[in-house]
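Chains as they are written, first to last, in the numbering used here: chain Z, 31 to 511; chain H, 168 to 626. Below is one structure; the comments refer to it alone.
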């Protein structure tokens, strides 16, 4: 039932808005609205009940194991959420003078420092509002760097074929052509292909390390050398930073600029698809091009640094200063964990992934890279099952939902057929991982005994499989009376 | 260990299963020259109690001002139920609804959001949101370039009285693609766009960007501008305040054919000011342009038993399918902020939203009338306005802002940020949250400040 279908004409919540507001007689009639928008007319209880019931149709970290690869669905601490929601923070207008913004500015400045240290890069801007905007910032900075040197020939960006879809989409938004670099059979970048691809047109490369294949790119220093010698720069996609916190740093690997997903590594809630936050960190070479505003500190006072302070900046990416509330949360999370806790994140995320990988291998599942160590995530493939039983990765994913587990990422990376990308994160217990293994074993047995049960899944959710074709062909995007 | 559930026995058993001696062995594929052993330059962790004390102290330093500052972020009353429900773990800690069967709550809510937003703007389609108002405008500009196939060159005309931060954001986000951004001038007396439009030929311009209300709070003659743009085969991109649209003519009804793309900042719909985010950007359009739209779209369909359900649709526009050929690199929306906005709009209904708009307008009229009665203070622009207006003062706006801060009043925005000639101009916003007493307190504080500044100058 839609909220519009429980609406009744004339029903109102009189506590929520001022009553008897005077008509705006001074505004000419032809500039006024004459037809009210079609909004529901419902009571407060109806609203509360409707949306509470809707919430119960969601899987979430709070209610289910959520091993979604490359998304780092770790526990989002309640204490962090509560402190970032203090009244003083919520009522603070973004354009308040710095004298009355020191609490927020201090928190943002501290996070800049923490991220700089963790990444091994010298400066940070917190303004990008999501990972994809962080990517945009980084690639736009590389573009601005080349142009500032009068080097206008660098029109190509290199992207490995295993990369997130945002990588090529971002480079195109920044005006570049894409060259795809293949991956070798062990999951590393094909160095010969890379050497053949670089040249005077190379602006840079976008890489994730550990890669989306769930393995560490072992020859990263060679890659950095090849790119830098060709005059290009390296962009690090921070999607998998959770795997290496306190173990190694993108700056040391030779990356010039990167983004960090606070909604992954720093445990801020995903909110059903956002808000995220994608701060960008850069080395000395690219620091002048960071997006504004950033926060400066003179030893006494914190203040905004704007285009006036940073004339070479690529500019502003949002109306104000990015997703400030997410930045506060990341600050609180990082300082709750401290130096010891942040190192433990990667340690236990990696322990959980390798344990789960070992258990699944022992149970007869096929690993995509059996001779490799898992990072914080790994890939299994159902290519064999798809062929022999006619049961696809999608079918198994849907059946997992029936067992109360969110499906791992499916069919990504595109290189591995019928795959699951599985990321358990550090906040899950051994019992939860064992339970997941047992469920997968059960489903595999079902696939042998009664494949239709799996192919028709889910059976126990609010809806069965949806007709996506109909959704796209007979577009119904808004409710009409 | 904070947020890590493992016991020592667990760790031993797990290492044993993997076949290594220590967790350190799990990092043996990282070349040794790249390994670091600690993050000792950082502080040790705090517990929740110590952190609570620290953050409360920071929050108190930033809070407690009576807010008369708008300029793109607006204080409105947020009903208690909005964040009580939005904060439920099932909304807060879910991810993007890729597994539709396990995300029907978020998906249905987004479909309801798309419906309300499209109706509020008088258009056929809304997406499931973008990051914020300014970046939504950048996406609208890129969308217009894709949609307007009649235009010869990617030239965009932008209202000179658009929020300067929006202008800066689109410069940063669309310039790399070779799009030319030109300014449509505003009239110095009215603050609104010049009634004489520049001479352009058919197909010269991709789109015209109009802000309603404009950055000074003024209400534009949108019908005339819209028709002029359409006569020259340019699309119309409207940047609007969603609360104002409960009172002012909706963009779908502008001129003969209505605005083509509408975007803006969704924050006024139940999202706290919170230092500037997270907010959300909205984007609506006509059905004919839906395939050029960036961002997520939710469609209603049926499941294999014919039961209604919801799923992400037209995903072939998006980066995870199309990669380099996608309409945008955007991957997320601002799901949680949209959850709050949907609950806010449901609670208020059309009449409640209209009352908020009318009360905000009436309150700003009341403050403006009192302020302009003070000798030396005048209204800078003589156009009708919504809930923001500009006063010209005998001293710099900055001096007044500092004086009123001492009385815990956030007086407005110093317009010298926009142009040095406007350094005596203060942009003031009043919403429904302010009472007659609040308004009187502002007037008295400003009178007092002017007297004080006058005395200081005479001394």
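Cβ coordinates follow ideal geometry from the N, Cα and C atoms, glycine included.
| Asked | Found |
| --- | --- |
| Checking 9 Å against the spacing of the C-beta atoms, do residue 255 of chain H and residue 85 of chain Z come in under that value? | yes |
| Based on the DSSP secondary-structure assignment, which residues constitute the bridge partners of residue 429 of chain Z? | None, per the DSSP bridge assignment. |
| Under a three-way DSSP split, which group does residue 449 of chain Z fall into? | strand |
| Would you say residue 315 of chain Z reaches chain H, if we count a Cβ-Cβ gap shorter than 9 Å as a contact? | no |
| If you compare alpha carbons, which of Z:58, Z:104, Z:203 is closest to residue 383 of chain Z? | Z:104 |
| Straight-line CA distance for residue 335 of chain H to residue 346 of chain Z? | 6 Å |
| Pick from H:429, H:576, H:356: whose alpha carbon is nearest that of residue 389 of chain H? | H:429 |
| Is it the case that the Cβ atoms of residue 513 of chain H and residue 70 of chain Z are separated by a distance below 9 Å? | yes |
| Can you confirm whether residue 597 of chain H, when its beta carbon is compared against all beta carbons of chain Z, has any partner nearer than 9 Å? | no |
| Hey, how far is the Cα of residue 340 of chain H from the Cα of residue 408 of chain H? | 22 Å |
| Please list, in chain order, the chain H residues whose beta carbon lies closer than 7 Å to that of residue 209 of chain Z. | Within 7 Å Cβ-Cβ: nothing; residue 209 of chain Z doesn't reach chain H, min ~10 Å. |
| Please name the residue or residues paired with residue 209 of chain Z in a DSSP beta bridge. | Z:188 |
| To the nearest angstrom, how far is the alpha carbon of residue 476 of chain H from that of residue 496 of chain Z? | 7 Å |
| Leaving out five residues on either side along the sequence, give the residues of the same chain with a beta carbon under 7 Å from the beta carbon of residue 275 of chain H. | 477 |
| Determine whether the beta carbon atoms of residue 438 of chain H and residue 508 of chain H lie at a separation below 9 Å. | yes |
| I think residue 309 of chain H touches residue 351 of chain H, with their Cβ atoms under 8 Å apart; what is that distance to the nearest whole Å? | Residue 309 of chain H to residue 351 of chain H, Cβ: 19 Å. No contact. |
| Going by Cα to Cα distance, which pick from H:226, H:184, H:205 is closest to residue 370 of chain Z? | H:205 |
| Determine which residues of the segment 326-338 of chain H have a Cβ less than 8 Å from any Cβ of chain Z, and write them out in chain order. | 330, 332, 333, 335, 336, 338 |
| Under 9 Å between C-beta atoms, does residue 673 of chain H make it to chain Z? | With chain H covering 168 to 626 only, the question about residue 673 of chain H has no answer from this structure. |
| I need the straight-line Cα distance from residue 231 of chain H to residue 155 of chain Z, nearest angstrom please. | 28 Å |
| May I ask you to report which of helix, strand or coil DSSP gives residue 166 of chain Z? | helix |
| Apply the 10 Å Cβ neighbour rule to residue 75 of chain Z and answer buried if 16 or more other Cβ atoms are within range, or exposed otherwise. | exposed |
| With C-beta atoms as the reference, is residue 140 of chain H less than 9 Å away from residue 243 of chain Z? | Because chain H is modelled from 168 through 626, residue 140 of chain H falls outside the range shown and cannot be assessed. |
| Quick check on the DSSP output: what are the complete beta strand (DSSP E) runs of length 3 or more inside the segment 208-250 of chain Z, in order along the chain? | 232-237 |
| Are residue 530 of chain H and residue 606 of chain H close, meaning C-beta to C-beta below 9 Å? | yes |
| To the nearest angstrom, how far is it from the Cα of residue 434 of chain H to the Cα of residue 446 of chain H? | 5 Å |
| Kindly indicate the opening and closing residues of the alpha helix (DSSP H) around residue 378 of chain Z. | 354-392 |
| Between the Cα of residue 506 of chain H and those of Z:306, Z:307, Z:302, Z:313, spot the shortest distance and give me the residue it belongs to. | Z:302 |
| Can you tell me whether DSSP reads residue 560 of chain H as helix, strand or coil? | coil |
| Using a Cβ-Cβ cut-off of 9 Å, state whether residue 115 of chain H counts as contacting chain Z. | Since the first residue shown for chain H is 168 and the last is 626, residue 115 of chain H is missing from the structure and cannot be characterised. |
| Anyone know if the C-beta pair for residue 110 of chain Z and residue 333 of chain Z falls short of 9 Å? | no |
| Tell me the DSSP secondary structure of residue 627 of chain H in three-state form. | Missing from the structure shown is residue 627 of chain H; chain H here goes from 168 to 626 and no further. |
| If contact means a Cβ-Cβ distance below 7 Å, which residues of the segment 188-207 of chain H contact chain Z? | 190, 193, 194, 195, 196, 197, 198, 201, 202, 203, 205, 206, 207 |
| If the cut-off is 8 Å on Cβ atoms, which residues from the segment 277-290 of chain Z count as contacting chain H, listed in chain order? | 277, 278, 279, 282, 283 |
| By DSSP's criteria, residue 233 of chain H is part of a beta bridge. Which residues make up the other side? | H:576 |
| Using a 10 Å radius around the Cβ and a threshold of 16 neighbouring Cβ atoms, would you call residue 44 of chain Z buried or exposed? | exposed |
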